[in-house]
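Student: Note that full-length UniProt numbering gives residue 74 to position 74 of the sequence shown, counting from 1, and the numbers run on in steps of one.
One structure coming up, written as structure tokens, with questions to follow.
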Amino acid sequence: MANPFRYGELVSGEYFFDREKEKKELHQIIESAINVFLYGPRRYGKTSLVLEVLKERKGSQEIPIYLDLLKAPTKRKFLELYAREIAKAVTTKFDEALNFCKRTFSRLIPRIVFKANNIPEIEFDASWTRETETAVTEEVLALPEEIAQKKGRRVVVILDEFPEITNYDGKKFEGILRSFIQSHQDVSYIFTGSKRRLLLKMISDPKRAFYKSGKIMPLGKIPQEEFETFIAQRFKSSNIRIAKENIKLILEMTRNHPYYTQMLCWELWEKVSIKKQALKEDISETLNTTLNHQREYFLTLWDNFSPHQKVLLLALAKEPLANIFSREFINKFGLATVSSVQKSLHRLMELEVVDKTNNIYEISDVFFNLWLREEVA
Ligand SMILES: Nc1ncnc2c1ncn2[C@@H]1O[C@H](COP(=O)(O)OP(=O)(O)O)[C@@H](O)[C@H]1O
Ligand SMILES: [Mg+2]
Numbered sequence: 001m002a003n004p005f006r007y008g009e010l011v012s013g014e015y016f017f018d019r020e021k022e023k024k025e026l027h028q029i030i031e032s033a034i035n036v037f038l039y040g041p042r043r044y045g046k047t048s049l050v051l052e053v054l055k056e057r058k059g060s061q062e063i064p065i066y067l068d069l070l071k072a073p074t075k076r077k078f079l080e081l082y083a084r085e086i087a088k089a090v091t092t093k094f095d096e097a098l099n100f101c102k103r104t105f106s107r108l109i110p111r112i113v114f115k116a117n118n119i120p121e122i123e124f125d126a127s128w129t130r131e132t133e134t135a136v137t138e139e140v141l142a143l144p145e146e147i148a149q150k151k152g153r154r155v156v157v158i159l160d161e162f163p164e165i166t167n168y169d170g171k172k173f174e175g176i177l178r179s180f181i182q183s184h185q186d187v188s189y190i191f192t193g194s195k196r197r198l199l200l201k202m203i204s205d206p207k208r209a210f211y212k213s214g215k216i217m218p219l220g221k222i223p224q225e226e227f228e229t230f231i232a233q234r235f236k237s238s239n240i241r242i243a244k245e246n247i248k249l250i251l252e253m254t255r256n257h258p259y260y261t262q263m264l265c266w267e268l269w270e271k272v273s274i275k276k277q278a279l280k281e282d283i284s285e286t287l288n289t290t291l292n293h294q295r296e297y298f299l300t301l302w303d304n305f306s307p308h309q310k311v312l313l314l315a316l317a318k319e320p321l322a323n324i325f326s327r328e329f330i331n332k333f334g335l336a337t338v339s340s341v342q343k344s345l346h347r348l349m350e351l352e353v354v355d356k357t358n359n360i361y362e363i364s365d366v367f368f369n370l371w372l373r374e375e376v377a
């Protein structure tokens with residue numbers, strides 16, 4: 001029998017749950033062709049959510065184009081990825097996509113490469129001079145609107161992990177991209193970002209190109225009750241008994257974090273799938289095994305922090321709900337001053353070791369947090 005939980009990959013269908021409110025909002029956003037910035041910490045389910053919404057819209061008229069910017073560390077890679085995904089989005093067969101590229105791009109010469117499992121993929125050759133780059137940029141960035149007009153269908157472009165574009169050439173590319181997007185009437189753009197600070201800076205600084213250029217939509221955790229129902233159903237689907245208070249215990253440990261909760265449940269299911277019952281001690285044993293497996297990684301991670309950052313992390317692990325800028329908290333943990341807390345916090349958030357959700361600062365990796373509490377603090 002297959003494990004009913006999933007983590008570390010996109011979830012959809014029966015593995016995807018809740019997010020009803022967010023799905024509805026995204027549907028409306030797409031229907032009214034406005035742009036949206038969806039942000040939330042890593043592994044909260046942004047990609048799964050957006051792709052689930054697109055799946056639900058399969059019968060509708062729009063043409064979706066999805067780009068994972070983690071696959072595009074440079075501007076050229078971005079342009080190539082964009083060109084390829086557009087080609088795939090407007091065609092149904094590989095050969096058609098290839099022909100589309102040949103017809104459409106004047107400077108990008110497509111060729112076929114074979115990926116794992118012999119799956120063909122398009123890559124491009126180009127003699128990348130400055131002039132080529134300008135030409136390709138203009139051709140590719142203008143395409144979504146051209147396609148929309150030509151086909152009389154709206155286009156939805158998803159730029160997943162959008163703040164990655166700031167790595168390309170500072171703010172110049174940001175400005176160019178924005179100038180195209182601005183003139184697109186029949187394309188809606190969905191921008192997502194895990195790097196909250198970077199994304200919010202891009203859209204809230206009047207000097208930046210994307211200033212106020214779309215609706216802002218934060219993605220929080222999944223509400224406790226929905227999560228309880230989901231976990232109960234998933235265990236029940238494979239005839240495993242688990243008491244309600246034990247489900248609550250799991251969620252307490254994982255603080256409702258979508259990814260880490262699925263991970264713990266996955267491991268727990270593996271442990272109890274034969275005896276068909278998950279008891280309290282199964283949960284703590286599963287947790288211990290999981291922490292042990294990651295011990296080396298946690299130690300290496302821990303080594304990287306400055307002494308002050310370490311003290312702050314331990315304090316956060318111990319008192320996740322405290323006001324970390326209060327005099328009381330600072331004195332209790334020997335954190336010196338408000339400004340030193342701010343400095344360490346800033347760095348830890350930049351490293352995505354700490355997240356801020358609903359005005360609470362949390363160590364993002366739930367297991368690292370538990371490990372700190374059990375082994376270091
Ligand atoms: N709506 C959901 N239902 C079930 N699991 C989810 C959901 N959202 C997120 N998850 C869990 O979180 C993991 C990360 O999701 P992902 O969409 O990759 O997040 P992000 O794009 O925000 O980094 C998934 O593999 C899954 O285990
Ligand atoms: Mg993602």
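C-beta: ideal position from N, C-alpha, C; glycine also.
Within 7 angstroms: the Cβ of K46 and any heavy atom of ligand 2?
Tutor: Stepping through the sequence shown from its first residue, residue 46 is reached at position 46. Checking the Cβ of K46 against ligand 2 gives yes.
Student: Given the structure, does S364 come close to ligand 4, in the sense that its CB is under 7 angstroms from one of the ligand's heavy atoms?
Tutor: The ligand content of the structure shown is limited to ligand 1 and ligand 2, which means ligand 4 is not among them.
Student: Compare the C-alpha of L348 against each of K318, S306, N358 and name the closest.
Tutor: As a working mapping, residue 348 is identified with position 348 in the sequence shown. For the residues K318, S306, N358, the minimum Cα distance to L348 belongs to S306.
Student: Considering just the uninterrupted stretch of the alpha helix (DSSP H) at I231, what are its terminal residues?
Tutor: As a first step, residue 231 must be located in the sequence shown, where it is residue number 231. I231 -> alpha helix (DSSP H) spans 224–237.
Student: Suppose the cutoff is 6 angstroms on Cβ atoms and the five residues either side in sequence are ignored; what does the same chain contact list for V11 look like?
Tutor: For the purposes of this step, residue 11 is taken as residue 11 along the sequence shown, with counting starting at 1. Hits under 6 angstroms: S48.
Student: Under the assumption that L108 contacts V136 (Cβ atoms under 8 angstroms), give the Cβ distance between them as a whole number of angstroms.
Tutor: In the sequence shown, the residue the question calls residue 108 occupies position 108. In the sequence shown, the residue the question calls residue 136 occupies position 136. Going by Cβ atoms, the distance from L108 to V136 rounds to 6 angstroms, so yes, they are a contact pair.
Student: Note down, one range per segment and in chain order, each alpha helix (DSSP H) of at least 4 residues found wholly within the stretch 239–309.
Tutor: Whole alpha helix (DSSP H) segments, 4+ residues: 244–254, 258–272, 280–293, 295–303.
Student: Taking the beta carbon of P73 as the centre, do at least 16 other beta carbons fall within 10 Å, making it buried, or is it exposed?
Tutor: Counting from one through the sequence shown, the residue named residue 73 turns up at place 73. Counting Cβ neighbours within 10 Å, P73 comes out exposed, since fewer than 16 surround it.
Student: Please go through the same chain and pick out, in chain order, the residues whose beta-carbon is closer than 8 angstroms to the beta-carbon of F114, but skip the five residues on each side of it.
Tutor: As a position in the sequence shown, residue 114 is number 114, starting the count at 1. Correct list, in chain order: P120, E121.
Student: Return the first residue and the last residue of the beta strand (DSSP E) that R111 is part of.
Tutor: Mapped onto the sequence shown, residue 111 falls at position 111. Per DSSP, R111 belongs to the beta strand (DSSP E) from 109–114.
Student: Work out the CA separation of V187 and K151 for me, nearest whole Å.
Tutor: On the sequence shown, position 151 is the one that residue 151 refers to. On the sequence shown, position 187 is the one that residue 187 refers to. Distance between the alpha carbons of K151 and V187: 12 angstroms.
Student: Is it buried or exposed for K221, if we count other Cβ within 10 angstroms and need 16 for buried?
Tutor: Your numbering for residue 221 matches position 221 in the sequence shown. When all chains shown are included, K221 counts as buried.
Student: Assuming E228 and L251 make a contact with CB atoms under 8 angstroms, what is their CB distance in whole Å?
Tutor: Within the sequence shown, residue 228 is the residue found at index 228, counting from 1. Within the sequence shown, residue 251 is the residue found at index 251, counting from 1. With a Cβ gap of about 7 angstroms, E228 and L251 count as contacting.
Student: Under a Cβ-count criterion, where at least 16 other Cβ atoms within 10 Å of its own Cβ denotes burial, should M202 be classed as buried or exposed?
Tutor: Residue mapping note: residue 202 aligns to position 202 of the sequence shown, counting from 1. Result: buried.
Student: Kindly examine ligand 2 and report whether one of its heavy atoms sits closer than 7 angstroms to the Cβ of D303.
Tutor: The count along the sequence shown starts at 1 and reaches residue 303 at position 303. Incorrect: D303 has no Cβ contact closer than 7 angstroms to ligand 2.
Student: What first and last residue would you give for the beta strand (DSSP E) that runs through M217?
Tutor: Along the sequence shown, one-based indexing puts residue 217 at 217. M217 -> beta strand (DSSP E) spans 215–218.
Student: I need the straight-line Cα distance from K248 to L54, nearest angstrom please.
Tutor: Against the sequence shown, residue 248 aligns to sequence position 248. Against the sequence shown, residue 54 aligns to sequence position 54. If I take the Cα positions, the gap works out to 32 angstroms.
Student: CB V366 to CB H257, shorter than 8 angstroms?
Tutor: Indexing the sequence shown from 1 puts residue 366 at position 366. Indexing the sequence shown from 1 puts residue 257 at position 257. Taking 8 angstroms as the Cβ cut-off, V366 and H257 qualify as a contacting pair.
Student: From the DSSP output, in three-state form, read off residue 382 for me.
Tutor: Outside the shown range of the chain, which is 1 to 377, sits residue 382, and nothing can be said about it.
Student: Alpha carbon to alpha carbon, how far is Q277 from R197? Give it in angstroms, no decimals.
Tutor: In the sequence shown, the residue the question calls residue 197 occupies position 197. In the sequence shown, the residue the question calls residue 277 occupies position 277. About 43 angstroms.
Student: CB-CB under 7 angstroms to S340, same chain, minus the five flanking residues each way: which ones, in chain order?
Tutor: Looking up residue 340 in the sequence shown gives position 340. Excluding sequence neighbours, S340 sits near H308.
Student: Considering only the alpha carbon of each residue, which of L372, P144, R19 lies closest to E319?
Tutor: Residue mapping note: residue 319 aligns to position 319 of the sequence shown, counting from 1. Considering only alpha carbons, the answer is L372.
Student: For A209 and Y7, I'd like the C-alpha separation in whole angstroms.
Tutor: The count along the sequence shown starts at 1 and reaches residue 209 at position 209. The count along the sequence shown starts at 1 and reaches residue 7 at position 7. Near 36 angstroms, if we compare the C-alpha coordinates of Y7 and A209.
Student: Assuming P41 contacts S284 (C-beta within less than 8 angstroms), just tell me the rounded distance between them.
Tutor: Working through the sequence shown from its first residue, we reach residue 41 at position 41. Working through the sequence shown from its first residue, we reach residue 284 at position 284. Not quite, the Cβ-Cβ distance comes to about 26 angstroms (not below 8 angstroms), so this is no contact.
Student: If we ignore side chains and look at the alpha-carbon of each, how far apart do L81 and W128 end up?
Tutor: For the purposes of this step, residue 81 is taken as the residue at position 81 of the sequence shown. For the purposes of this step, residue 128 is taken as the residue at position 128 of the sequence shown. Roughly 15 angstroms between the two C-alpha positions.
Student: Taking three-plus beta-carbon pairs below 8 angstroms as touching, is the stretch 231–244 in contact with the stretch 260–272?
Tutor: With a cut-off of 8 angstroms, the stretch 260–272 and the stretch 231–244 count as touching, because enough Cβ pairs lie within range.
Student: Once DSSP output is grouped into helix, strand and coil, what is the label at G334?
Tutor: Residue numbering aside, residue 334 sits at position 334 when the sequence shown is read from its first letter. Coil.
Student: Evaluate R19 with the Cβ neighbour count: other Cβ atoms within 10 Å of its Cβ, from every protein chain shown; 16 or more gives buried, anything less gives exposed.
Tutor: Here residue 19 corresponds to residue number 19 of the sequence shown, with the count starting at 1. Under this definition R19 is a buried residue.
Student: For Y260, count the other beta carbons within 10 Å of its own beta carbon; 16 or more makes it buried, fewer makes it exposed. Which is it?
Tutor: In the sequence shown, residue 260 corresponds to position 260, counting from 1. It is buried - the Cβ of Y260 has at least 16 other Cβ atoms within 10 Å.
Student: Assuming the contact rule is C-beta atoms closer than 8 angstroms, F37 and I165 should be a hit. Round their C-beta distance to whole Å, please.
Tutor: Here residue 37 refers to the residue found at position 37 of the sequence shown. Here residue 165 refers to the residue found at position 165 of the sequence shown. In fact, because the Cβ distance is near 13 angstroms, the residues do not count as touching under 8 angstroms.
Student: On a CA-only basis, which of A317, F333, R84 is nearest I363? Give me that one, please.
Tutor: Looking up residue 363 in the sequence shown gives position 363. Checking every option, the nearest Cα to that of I363 belongs to A317.
Student: Going by Cα to Cα distance, which pick from I63, F17, A2, E14 is closest to E31?
Tutor: Residue numbering aside, residue 31 sits at position 31 when the sequence shown is read from its first letter. Ranking the options by Cα distance to E31, first place goes to I63.
Student: With a 10 Å radius around its C-beta and 16 neighbouring C-beta atoms as the bar for buried, classify R84 as buried or exposed.
Tutor: Position 84 of the sequence shown, counting from 1, holds the residue named residue 84. Its Cβ being crowded by 16 or more others within 10 Å, R84 is buried.
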